[in-house]
């Protein structure tokens, strides 16, 4: 993957997760401490290094809160920190990076640096305010050890998760980390009634009350999401308001695959989402694959297909980002 794509993908993912974390405190300015929290749940090498040291999201949140309390106390301020609530980033607006956070992202892409999560973590450790240094100390992880472990892990490129997007086949795959146990994540992904919690196009799944456990080949009728998280209306053509959801593959707590079709459309393509799960330090590692199967009733336009391949590639990547983000957010 090119440096530009690495940097752009990392910046987008870290921005979303960091701003989600900031929203839990009612903050709009997203700072380097929120960036560190985003790195803790990153699927990239930086996240692996932090989690392998026993740093969980909850521990990191506590360390950040403790550092802020200590800073206020040093100024003679005894007022407590704002209480932590749920993530409201997608329901609100006005979020921006602080100047020093932007500087970290900029330095992570300077020169030969790739702008990936590892480069961002290196720059965070070296950030001149010392905030990240102190937070890591609270977590019992010396900053020098962070750099040493990054150096060690990055000697083995095979350990670095890869994103693959095939615009010609309209498919792609990404790795993702979820800060929850395997059983919890499986319960979310295998339960049709919870699909709206992580699948961005699903608003509600109509359940069969007599059915106790999903089996391969089972189908459900789902209603497409009609409102965004911020309450704004999503305009959907009538033929795309109803979806048919089918379980096409399932292996207990290791693999699940769902197919989504639009029964009221004669030309709509079918979407397949395949998710593989495995336990990991501090949570669960996912491999998420997305594929669009072409409807044979839809006319082929090969020339137009070639022209729009960059847009298709971006669209596939965004859909995968929304899927991975939705699954992770359900446990944060």
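In the working numbering, the protein residues as written are 129 to 460. Backbone N, C-alpha and C define an ideal beta-carbon position, used for all residues, glycine too. Since the model is a prediction, treat every value here as computed from it, not as a measurement.
Reference residue i, options the options, closest by Cα
{"i": "residue 355", "options": "331, 238, 388, 343", "result": "331"}
{"i": "residue 266", "options": "410, 190, 151", "result": "190"}
{"i": "residue 384", "options": "418, 440, 443", "result": "418"}
{"i": "residue 446", "options": "173, 358, 299, 343", "result": "299"}
{"i": "residue 228", "options": "197, 284, 161", "result": "161"}
{"i": "residue 453", "options": "421, 375, 142", "result": "142"}
{"i": "residue 425", "options": "406, 221, 444, 397", "result": "397"}
{"i": "residue 388", "options": "360, 328, 427, 297", "result": "328"}
{"i": "residue 137", "options": "197, 156, 193, 172", "result": "172"}
{"i": "residue 258", "options": "279, 421, 204, 192", "result": "192"}
{"i": "residue 320", "options": "279, 371, 359", "result": "371"}
6 Å CB neighbourhood of residue i in its chain, flanking five on each side removed
{"i": "residue 467", "result": "The chain is shown only over 129 to 460; residue 467 falls outside these bounds and no answer can be derived."}
{"i": "residue 188", "result": "165, 168"}
{"i": "residue 261", "result": "271"}
{"i": "residue 450", "result": "328"}
{"i": "residue 226", "result": "157, 159"}
{"i": "residue 399", "result": "388, 420"}
Proximity below 7 Å, CB of residue i to CB of residue j
{"i": "residue 175", "j": "residue 305", "result": "yes"}
{"i": "residue 245", "j": "residue 180", "result": "no"}
{"i": "residue 333", "j": "residue 348", "result": "yes"}
{"i": "residue 177", "j": "residue 277", "result": "yes"}
{"i": "residue 248", "j": "residue 236", "result": "yes"}
{"i": "residue 186", "j": "residue 357", "result": "no"}
{"i": "residue 195", "j": "residue 275", "result": "no"}
{"i": "residue 375", "j": "residue 416", "result": "no"}
{"i": "residue 373", "j": "residue 342", "result": "no"}
{"i": "residue 302", "j": "residue 448", "result": "yes"}
Rounded C-alpha distance that separates residue i from residue j
{"i": "residue 213", "j": "residue 363", "result": "30 Å"}
{"i": "residue 404", "j": "residue 183", "result": "24 Å"}
{"i": "residue 144", "j": "residue 317", "result": "22 Å"}
{"i": "residue 323", "j": "residue 407", "result": "21 Å"}
{"i": "residue 197", "j": "residue 132", "result": "38 Å"}
{"i": "residue 443", "j": "residue 377", "result": "25 Å"}
{"i": "residue 221", "j": "residue 155", "result": "11 Å"}
{"i": "residue 205", "j": "residue 255", "result": "25 Å"}
{"i": "residue 439", "j": "residue 359", "result": "27 Å"}
{"i": "residue 201", "j": "residue 273", "result": "29 Å"}
{"i": "residue 402", "j": "residue 240", "result": "35 Å"}
{"i": "residue 381", "j": "residue 336", "result": "23 Å"}
{"i": "residue 279", "j": "residue 422", "result": "44 Å"}
{"i": "residue 211", "j": "residue 284", "result": "41 Å"}
{"i": "residue 346", "j": "residue 455", "result": "22 Å"}
{"i": "residue 386", "j": "residue 199", "result": "49 Å"}
{"i": "residue 238", "j": "residue 379", "result": "44 Å"}
{"i": "residue 203", "j": "residue 163", "result": "24 Å"}
Spatial neighbours of residue i in its chain, beta-carbon cut-off 8 Å, leaving aside the 5 residues before and after
{"i": "residue 286", "result": "Only weak support is given to the placement of residue 286: the predicted model assigns it a pLDDT of 49, under 50, and the question is left unresolved by the model."}
{"i": "residue 353", "result": "324, 328, 329, 330, 331, 362"}
{"i": "residue 297", "result": "419"}
7 Å Cβ shell around residue i - same chain, five flanking residues per side excluded
{"i": "residue 230", "result": "none"}
{"i": "residue 134", "result": "242, 243, 244"}
{"i": "residue 458", "result": "316, 325, 326"}
{"i": "residue 215", "result": "148, 151, 152, 457, 460"}
{"i": "residue 233", "result": "139, 248"}
{"i": "residue 428", "result": "none"}
Proximity test, residue i beta-carbon vs the ligand NAD heavy atom, cut-off 6 Å
{"i": "residue 145", "result": "No copy of the ligand NAD appears in this structure; indeed no ligand is present at all."}
Exercise. Can you find at least 3 beta carbon pairs, one from the segment 305-324 and one from the segment 408-428, that sit closer than 8 Å?
Worked result: Taking 8 Å as the limit for Cβ pairs, the verdict is that the segment 408-428 does touch the segment 305-324.
For this session: Taking 8 Å as the threshold, find out whether the segment 384-393 comes into contact with the segment 367-374 through three or more Cβ pairs.
Result: Judged by Cβ distances under 8 Å, the segment 384-393 makes contact with the segment 367-374, as three or more pairs qualify.
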